[in-house]
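Chains as they are written, first to last, in full-length UniProt numbering: chain A, 1 to 320; chain B, 1 to 320. All C-beta atoms, glycine included, are put in the ideal place defined by N, C-alpha and C. See structure below.
Number of protein chains: 2
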Amino acid sequence: MKTVTGFASATIGNVACGFDVLGFAIKEPGDEVILTLHEESSSESPVSIKTIHGDGGALPRDPKKNTSSFVVLKFLEYLRNHKGIDFQGHIDLELKKNLPLSSGMGSSAASAAAALIAANELLGGPCTKMELVHFAIEGERVACGSAHADNAAPAMLGNFILIRSYNPLDLITIPPPDQLYCTLAHPHIELRTAYARSVLPRSISLKTATEQWGNVGALISGLLTSDYELIGRALVDVIAEPKRATLIPGFYQVKEAALGAGALGCSIAGSGPSIFAFSSSAATAEKAGTAMRNAFLDIDEHLEADIWVSPVCREGARIL
Amino acid sequence: MKTVTGFASATIGNVACGFDVLGFAIKEPGDEVILTLHEESSSESPVSIKTIHGDGGALPRDPKKNTSSFVVLKFLEYLRNHKGIDFQGHIDLELKKNLPLSSGMGSSAASAAAALIAANELLGGPCTKMELVHFAIEGERVACGSAHADNAAPAMLGNFILIRSYNPLDLITIPPPDQLYCTLAHPHIELRTAYARSVLPRSISLKTATEQWGNVGALISGLLTSDYELIGRALVDVIAEPKRATLIPGFYQVKEAALGAGALGCSIAGSGPSIFAFSSSAATAEKAGTAMRNAFLDIDEHLEADIWVSPVCREGARIL
Numbered sequence: 001m002k003t004v005t006g007f008a009s010a011t012i013g014n015v016a017c018g019f020d021v022l023g024f025a026i027k028e029p030g031d032e033v034i035l036t037l038h039e040e041s042s043s044e045s046p047v048s049i050k051t052i053h054g055d056g057g058a059l060p061r062d063p064k065k066n067t068s069s070f071v072v073l074k075f076l077e078y079l080r081n082h083k084g085i086d087f088q089g090h091i092d093l094e095l096k097k098n099l100p101l102s103s104g105m106g107s108s109a110a111s112a113a114a115a116l117i118a119a120n121e122l123l124g125g126p127c128t129k130m131e132l133v134h135f136a137i138e139g140e141r142v143a144c145g146s147a148h149a150d151n152a153a154p155a156m157l158g159n160f161i162l163i164r165s166y167n168p169l170d171l172i173t174i175p176p177p178d179q180l181y182c183t184l185a186h187p188h189i190e191l192r193t194a195y196a197r198s199v200l201p202r203s204i205s206l207k208t209a210t211e212q213w214g215n216v217g218a219l220i221s222g223l224l225t226s227d228y229e230l231i232g233r234a235l236v237d238v239i240a241e242p243k244r245a246t247l248i249p250g251f252y253q254v255k256e257a258a259l260g261a262g263a264l265g266c267s268i269a270g271s272g273p274s275i276f277a278f279s280s281s282a283a284t285a286e287k288a289g290t291a292m293r294n295a296f297l298d299i300d301e302h303l304e305a306d307i308w309v310s311p312v313c314r315e316g317a318r319i320l
Numbered sequence: 001m002k003t004v005t006g007f008a009s010a011t012i013g014n015v016a017c018g019f020d021v022l023g024f025a026i027k028e029p030g031d032e033v034i035l036t037l038h039e040e041s042s043s044e045s046p047v048s049i050k051t052i053h054g055d056g057g058a059l060p061r062d063p064k065k066n067t068s069s070f071v072v073l074k075f076l077e078y079l080r081n082h083k084g085i086d087f088q089g090h091i092d093l094e095l096k097k098n099l100p101l102s103s104g105m106g107s108s109a110a111s112a113a114a115a116l117i118a119a120n121e122l123l124g125g126p127c128t129k130m131e132l133v134h135f136a137i138e139g140e141r142v143a144c145g146s147a148h149a150d151n152a153a154p155a156m157l158g159n160f161i162l163i164r165s166y167n168p169l170d171l172i173t174i175p176p177p178d179q180l181y182c183t184l185a186h187p188h189i190e191l192r193t194a195y196a197r198s199v200l201p202r203s204i205s206l207k208t209a210t211e212q213w214g215n216v217g218a219l220i221s222g223l224l225t226s227d228y229e230l231i232g233r234a235l236v237d238v239i240a241e242p243k244r245a246t247l248i249p250g251f252y253q254v255k256e257a258a259l260g261a262g263a264l265g266c267s268i269a270g271s272g273p274s275i276f277a278f279s280s281s282a283a284t285a286e287k288a289g290t291a292m293r294n295a296f297l298d299i300d301e302h303l304e305a306d307i308w309v310s311p312v313c314r315e316g317a318r319i320l
């Protein structure tokens, strides 16, 4: 019997202009997955879910339907088919779900990445993180209905990850500027990714698209040259934000509050309802957090919000 | 009487994925504009066109309609309205048009930038290059019907220039990797920008747009980190190239030839018909040039093509 604990943190997809192609990891909060290896095989699935803490019973317990166990099954299948490793034992999975569900914080990706890094360690490290990313992305299909990578890839690899292409998968690591701090505000409401995707247009004007990719290029340039002002100017989303803002009570007030406190820019975290802001110092990021929390409280709905301030996580998923 | 000669080189707009937001300058060929200042004013326009060489009589001689004189008029107007400089003399303009018209090589932008750098020098340098860019962009409206900046900005400033936003104008300079060489093939046909724009779709699917901006981000990353392989992978245009390729006889054969010779990537220069390729050495860029020239000759139309091989120009418009 051997036990390993994997950890992967919250991630923020889209990053304003980078819809479906950009995401980054923060240092905390994150999910923990504890895997226990039993040498004897089980008559049922090679992976079973022992316990899930913190989900209020919302997540499926069927190993094929729960993201964290599903990705471990995919990993074992890959080992059998491509590495000649035929796993005969049994793995018990315990999930400490610290990330809120349907929050825009990459909750499912964190569980998947934590499970995968643990499973890989448990079996002696047969795969690289870049291989593991593929299974984490598959997990998103189970969790959200689409195999997008903008949470799964940074949850596993850390940093900013730019997805140049899905087929073949081409991930580019963009290291964060040293003084870049993220403020994340999570209001106590849920917004399902599938619903937040349904409000998006299927087609956009070429003019609007051009505006968006000018900002994508500028954001990547700002990140790589540590040009904080440019990062702020490039945090513009003319496509998803205007549509999804209507699904988040107080979005514009919270954004205004973050900018008023000195943040460089502010937009929706993933598909929402969480909202992130970037600042060029920890102190400003803290100030932005207080302002964002107060702005959520001040709207008619008086929403409570959790606030986290963190630099970008460079490490990605890790063993605890 | 005082005479100044300005020079600005060919530029390549779009750069595959960067439709309307990215362009770069090469070292040569370029246009020369010779301005002569006369202290006495003219009863007509303060700028008149004395001679144009090399355009076969195609360009307008009316100073308000010719791009190179038009931008000088705009520059003088700006000096009067914003710098308190009321120019009372007269400027004669001579244009040595070395760039072919309607070639996708930024011919009008080169004339405009050369004229502006000369006019600014002639009047004692009242403006920065960044100020002059605005007039060069206005010149594009006269020449091509739309005030795009992806030729005008690099013609003036050199390097790669990313246009984050037009309103307000936000230009980001991306210095080129040291070993990046451009091969430019100009087949002896003309393709008017306005026509090449008319074949583009007015709207595109969100999925296609996402693919394009993934490549824009990746190209900027490749340029800033001198990752030549990434530059090659990111030189993908899923929007304009498929439409405009049909307007350029042999486009796919020429592209194939460039890649076969070892080029990193290849696409349409601006709105065509010229085709550019990037290579990571001068020798490969030369090989690609030979292959591209031969490919144009091999098609049914047996097109002759001029070939230039050049690093990216860092200097931009200059006084000769």
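Which listed residue (the options) has its alpha carbon closest to that of residue i
i, options, result
"L101 (chain B)", "B:V199, B:L184 and B:G54", "B:G54"
"L180 (chain A)", "A:A114, A:A283 and A:G145", "A:A283"
"I204 (chain A)", "A:N215, A:D178, A:L235 and A:I239", "A:I239"
"A16 (chain A)", "A:P273, A:V309, A:A295 and A:I268", "A:I268"
"I172 (chain B)", "B:I161, B:Y166 and B:C182", "B:I161"
"R141 (chain A)", "A:A194, A:M130 and A:G214", "A:A194"
"I117 (chain A)", "A:F75, A:K96 and A:Y228", "A:F75"
"A317 (chain B)", "B:S42, B:G30, B:V21 and B:R61", "B:G30"
Neighbour list for residue i in chain B, Cβ cutoff strictly below 9 Å
i, result
"S205 (chain A)", "R202, S203 and I204"
Chain-ordered neighbours of residue i on chain A, where CB pairs are closer than 7 Å
i, result
"A234 (chain B)", "R164"
Closer than 7 Å at the beta carbon, the chain B residues around residue i
i, result
"D20 (chain A)", "T210"
Which of helix, strand or coil DSSP assigns to residue i
i, result
"T225 (chain A)", "coil"
"S310 (chain B)", "strand"
"P242 (chain B)", "helix"
"P29 (chain B)", "strand"
"A317 (chain A)", "coil"
"L180 (chain B)", "coil"
"V47 (chain B)", "strand"
"K64 (chain B)", "coil"
"D20 (chain B)", "coil"
"P187 (chain B)", "strand"
"L171 (chain B)", "strand"
"C266 (chain B)", "strand"
"E94 (chain B)", "strand"
"S281 (chain B)", "coil"
"R164 (chain B)", "strand"
"S205 (chain A)", "strand"
"S103 (chain A)", "coil"
"S9 (chain B)", "strand"
Under 8 Å from the C-beta of residue i: neighbouring residues of chain B
i, result
"N215 (chain A)", "R164 and S165"
Same chain, Cβ closer than 8 Å to residue i, neighbours up to 5 away in sequence not counted
i, result
"H38 (chain B)", "M1, G89, H90, I91 and D92"
"L320 (chain B)", "T5, G6, F7 and E32"
"F19 (chain A)", "Q212, D237, I239 and A240"
"I137 (chain A)", "A147, H148, A149, A152, A153 and L169"
Interface residues of chain A facing residue i [CB-CB closer than 8 Å]
i, result
"A194 (chain B)", "Here the premise fails: no neighbours, minimum Cβ distance about 16 Å."
"S221 (chain B)", "L162, I172, I174, I220 and L224"
Chain-ordered chain A contacts of residue i [CB-CB under 9 Å]
i, result
"L259 (chain B)", "Per Cβ cutoff of 9 Å: no residues; L259 (chain B) is ~17 Å from chain A at best."
"L230 (chain B)", "R164, D170 and I172"
Close-in-space but distant-in-sequence residues of the same chain around residue i (CB under 6 Å, 5 per side omitted)
i, result
"R314 (chain B)", "G158 and N159"
"A285 (chain B)", "Y181, T183, S279 and V309"
"R80 (chain B)", "D86"
"S45 (chain A)", "P63"
"A263 (chain A)", "A277, S279 and A288"
Cβ-heavy atom distance, residue i to the ligand SAH, below 7 Å
i, result
"A10 (chain A)", "In the structure shown, the ligand SAH is absent, as is every other ligand, since no ligand is present at all."
Nonlocal neighbours in the same chain, by C-beta distance under 7 Å from residue i, ignoring five residues either side
i, result
"L224 (chain B)", "I174"
"L230 (chain A)", "A218, S221 and G222"
"K27 (chain B)", "S9, S310, P311 and C313"
"R192 (chain A)", "S102"
- Query: Any residues in the stretch 153-186 of chain A with a beta carbon nearer than 7 Å to a beta carbon of chain B? Which ones, in chain order?
  - Reply: Under the 7 Å Cβ criterion, the stretch 153-186 of chain A contributes L162, I163, R164, S165, D170, I172 and I174.
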